[in-house]
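Participant:
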Amino acid sequence: MFKQKVNLFILSWLATLLFSANVVAAAQEPPLPETFATHKVVLQISDPNPFKQTLVLNVANNLMKHYDAGDLDLEIVAFGPGLRLMLEGNANTARIQSLMDVGVRFSGCANTHKHFTKILGSKPPLIEGVSVVPAGAARILQLNAAGYQILKP
Amino acid sequence: MKKQFLTKVLPAAVMAACFTSPAQATNWLMLQGTERADQAPRAKLWGFVQLDYQQTDDTKLKAGPYAGKSAAFNQMAPQLDTPSGFNVKRARIGVRGNNLPLDKKVNYFLLAEMGNNGVTTGEGASQGQLTDASVTLNHIPGARVRVGLFKTPGSEEGLQAAFVANYNNFSNATNRLLLERTFDYQSGNTGRNGPVGAFRDTGVQVFDTFNLGGWETSYAVMIGNGAGLAYTDNDQNRDTYLYASTEKVFGSSKGPRRHGFKLYAWNQAGQRSYNDGTPSSSGADTDEDRTRRGVGTTYFDGTYRLGAEYMTADGMIYGGTTGAGTPDDGATFTVLPDQKADGYYVSLGYRPMSNVELDVRYDRLNSGTDKNGTGGAGAKRVFETTTLGAQYFFNKKTTLKANYEIRSIDAPNSNDTVNRILDSIDDRISLQLTAVF
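Chains A and B supply the protein sequences, listed in that same order.
Just so you know, we're using the working numbering here: the first sequence kicks off at 1 and counts up by one.
Just so you know, we're using the working numbering here: the second sequence kicks off at 1 and counts up by one.
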């Protein structure tokens, strides 16, 4: 009898824990944008090659020019070495800010940011306007599941 | 006044420093001393080659101790043993970047020369000669610190990257006043005691660039050994270098041929140690001043190009070879330890097509202008060269340059023999193929 009660307690505790974890995970999941755009695109930058930074920004710029305003929803997600693109003081800051001005969202990976902090010994600030998402790769999958096409220049 | 400085000027300067984005174009201080923030790799391999052909008529000396023999000024540098030929003039390879890519506040620059020129010749020089090895610390807003061996802030002709020079040879003033040759003795030297200075020194430079009202304004203050490419200081004297420039950049053009209008000024001061005797009759070691200063301007809008610079020199000045003979014929090199000089160049370029540039440059050097200096009034020499040139750009990184130099040297205060020696100078043609990678 006692054994059954203990098992029941453990099961209910595990169930609670699992449920709580789901709630926490759901709470950490960044919200999906509300958009009626026909084209939804997520651009991935995770490459250590600095040339890719320019390439990603060029692609974003060209997409914004190609589609009519409101017809394209675009988010750039950086993780791994690609997060350098979104560090405060990046040589492309002016370009990033002008893309933000026309509605492009920039999301940086919290895991990578934490790793950068460990390497540098202090937290490198991100460009103002960059959103931090718990995991860059997960954010891309989340957007993909919501109908966003993934482009990795 | 002090309060006003602290409350108004200082914050403005700090703000300017904070909002300055490093320019990577014809701002040579930034281009060579910094990397684009969060854009540089750990190690970027780069370099360039310059393949040269030069020719004169090899007119023999018309007078003097080496009459009938080859004239040094009609031979190809640095060996001075042939009037024409092909030459791998420059072959440089290097790496640069952020050693820790995540830390944009530290970058480095390493370059070595393997071509045949003044850098790789001279006593102790190597065919693989280190020309640049520096680390830049970008931690203090408005005061970046570059440490090591690198190009000193100064004349545009010396400070600019060699692979974007618009002519195959330096102007007379740059060549004889700034491209420093070092010798042990004031006369009787059979050769240089090291590589040419190559417009470089080992030391510490504080510098930065600010956007002031749309003008990209830079400064640099440097202290160095004053020993060129030598690894150690050859005396206890330090050279100081001051530089300021301001440039209106046109549009969004980038790269080493950026469009803009620049004004600049510079000053270099130091001392050099020489023995006032000769190798066969040694004298006393003396310290002589070496001061150089200049002002200049550049303009390029994609179609028209202008470059002009005026400079003065006081103290030690290169004197060439005795009787304009060649080392092979026994002529030796001299230095004018206490003289004055001034010189200038005006250069114009026009691009009738995007891949063709036509150039013309007039340059003049008045050397040995101090009648009370070494050699007296008779030391004066006037070098004049008009260079006609054309450049063909195969692509952004590959250029063919053709030059025809109309050259003359006069000695207005000297006798007929000296002027007949100098009349031996030929015009010179040169071709140069440059490829950057």
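Ideal placement from N, C-alpha and C gives every residue a C-beta, glycine not left out.
Does the stretch 113–131 of chain B come within contact of the stretch 265–278 of chain B, defined as at least 3 CB pairs closer than 8 angstroms?
Facilitator: In short, these stretches do not touch, since the Cβ pair count stays below three.
Participant: On the three-pair Cβ rule with 8 angstroms, is the stretch 203–222 of chain B touching the stretch 378–395 of chain B?
Facilitator: Because the criterion of three Cβ pairs below 8 angstroms is not met, the stretch 203–222 of chain B and the stretch 378–395 of chain B do not touch.
Participant: Assign V130(A) to one of three DSSP states: helix, strand, or coil.
Facilitator: In the structure shown, V130(A) sits in coil (DSSP, three-state: anything other than H, G, I, E or B).
Participant: Alpha carbon to alpha carbon, what distance is there between G260(B) and A21(A)?
Facilitator: Because A21(A) sits at a pLDDT of 39, beneath the cut-off of 50, its placement in the model cannot be relied upon, and the point is left open.
Participant: Go ahead and pull the three-state DSSP assignment for A26(A).
Facilitator: Residue confidence for A26(A) is low, a pLDDT of 41 falling below 50, so the modelled location carries little weight and cannot support an answer.
Participant: Taking Cβ to Cβ, would you say M86(A) is nearer than 7 angstroms to L120(A)?
Facilitator: No, the Cβ-Cβ distance between M86(A) and L120(A) is not below 7 angstroms.
Participant: Within the 7 angstroms Cβ cut-off, does L431(B) reach chain A?
Facilitator: Not one chain A Cβ lies under 7 angstroms of L431(B).
Participant: Relative to the alpha-carbon of Q54(B), which residue among S424(B), S280(B) and Y404(B) has its alpha-carbon at the smallest distance?
Facilitator: Looking at the Cα atoms, Y404(B) is the closest of the given residues.
Participant: Step through the CB atoms of chain B and report whether any lies within less than 7 angstroms of the CB of K55(A).
Facilitator: The sequence shown places Leu at residue 55(A), rather than the Lys named in the question. It does not: the Cβ of L55(A) has no partner Cβ on chain B nearer than 7 angstroms.
Participant: Answer yes if the stretch 273–289 of chain B comes into contact with the stretch 181–192 of chain B, meaning at least three C-beta pairs across the two stretches below 8 angstroms, and no otherwise.
Facilitator: The stretch 181–192 of chain B, when compared against the stretch 273–289 of chain B, does touch it at the 8 angstroms Cβ threshold.
Participant: Do the CB positions of A71(B) and A324(B) come within less than 7 angstroms of each other?
Facilitator: A contact, by the Cβ cut-off of 7 angstroms.
Participant: Less than 7 angstroms between CB atoms is the rule here; does R95(A) satisfy it with respect to chain B?
Facilitator: No, because no Cβ of chain B sits closer than 7 angstroms to the Cβ of R95(A).
Participant: With 16 other CB atoms within 10 Å as the buried threshold, where does H139(B) fall?
Facilitator: Exposed, by the Cβ-count rule.
Participant: Identify the residues that DSSP records as bridge partners of G320(B): which are they?
Facilitator: In DSSP, G320(B) forms a bridge with T334(B).
Participant: At what residue ranges does the stretch 19–105 of chain B contain a whole run of the alpha helix (DSSP H), taking only runs of 4 or more?
Facilitator: Complete alpha helix (DSSP H) runs here, min 4: 28–33.
Participant: What's the C-alpha gap between Y241(B) and T34(B)?
Facilitator: In a straight line, the C-alpha of Y241(B) is about 19 angstroms away from that of T34(B).
Participant: Leaving out five residues on either side along the sequence, give the residues of the same chain with a beta carbon under 6 angstroms from the beta carbon of N111(A).
Facilitator: Closer than 6 angstroms at the Cβ level, and outside the excluded window around N111(A), lie A135.
Participant: Go ahead and pull the three-state DSSP assignment for M114(B).
Facilitator: In the structure shown, M114(B) sits in coil (DSSP, three-state: anything other than H, G, I, E or B).
Participant: Three Cβ pairs or more, each shorter than 8 angstroms: is that satisfied between the stretch 164–181 of chain B and the stretch 347–361 of chain B?
Facilitator: Yes, since at least three Cβ pairs between the stretch 164–181 of chain B and the stretch 347–361 of chain B fall closer than 8 angstroms, the two stretches touch.
Participant: List, in order along the chain, the chain B residues whose C-beta lies closer than 7 angstroms to that of I119(A)?
Facilitator: Near I119(A) (Cβ distances below 7 angstroms), the residues of chain B are L102.
Participant: Within the 7 angstroms Cβ cut-off, does V436(B) reach chain A?
Facilitator: Answer no: the Cβ-Cβ gap between V436(B) and chain A never drops below 7 angstroms.
Participant: Just to confirm, is the Cβ distance from A143(B) to V206(B) under 7 angstroms?
Facilitator: Contact: yes.
Participant: Taking only three categories from DSSP, how would you classify S187(B)?
Facilitator: Coil.
Participant: Any C-beta of chain A within less than 7 angstroms: which residues of the stretch 36–62 of chain B qualify?
Facilitator: The residues in question are R36, A37, D38, Q39, A40 and P41.
Participant: Along chain B, which residues have their Cβ under 9 angstroms away from the Cβ of L87(A)?
Facilitator: Simply A37, D38, L102 and K104.
Participant: Looking at chain B, which residues of the stretch 64–93 of chain A have a Cβ within less than 8 angstroms of any of its Cβ atoms?
Facilitator: Cβ contacts with chain B: P81, R84, L85, L87, G89, N90, A91, N92 and T93.
Participant: With P30(A) and Q39(B) assumed to form a contact (beta carbons below 8 angstroms), what rounded beta-carbon distance in angstroms separates them?
Facilitator: Not a contact, Cβ separation roughly 27 angstroms.
Participant: Tell me the DSSP secondary structure of K65(A) in three-state form.
Facilitator: In this structure, K65(A) counts as helix in the three-state DSSP scheme.
Participant: I'd like the list of long-range same chain contacts for G228(B), defined as Cβ closer than 8 angstroms, with 5 residues on each side in sequence excluded.
Facilitator: Taken in chain order, the residues that qualify are E180, T182, G194, P195, V196, G197, A198, R200 and D201.
Participant: Rounding to the nearest angstrom, what Cα-Cα distance links G122(B) and V104(A) in this structure?
Facilitator: Going by the C-alpha atoms only, they are around 59 angstroms apart.
Participant: What is the DSSP secondary structure of Q236(B), reduced to helix, strand or coil?
Facilitator: Three-state result, Q236(B): coil.
Participant: Would you grab the beta carbon distance between D57(B) and Q432(B) for me? Rounded to a whole angstrom, and I think it's under 8 angstroms.
Facilitator: Actually they are not in contact, since the Cβ atoms of D57(B) and Q432(B) sit about 20 angstroms apart, beyond 8 angstroms.
Participant: I'd like the list of long-range same chain contacts for A23(B), defined as Cβ closer than 7 angstroms, with 5 residues on each side in sequence excluded.
Facilitator: Only weak support is given to the placement of A23(B): the predicted model assigns it a pLDDT of 36, under 50, and the question is left unresolved by the model.
Participant: How would you call V133(A), buried or exposed, if buried means at least 16 neighbouring beta carbons within 10 angstroms?
Facilitator: Classification of V133(A): buried, given that the 10 Å Cβ count is 16 or more.
Participant: Suppose the cutoff is 6 angstroms on Cβ atoms and the five residues either side in sequence are ignored; what does the same chain contact list for D287(B) look like?
Facilitator: Q271 and S273.
Participant: When you compare the CB of P153(A) with every CB in chain B, is at least one pair closer than 7 angstroms?
Facilitator: It does not: the Cβ of P153(A) has no partner Cβ on chain B nearer than 7 angstroms.
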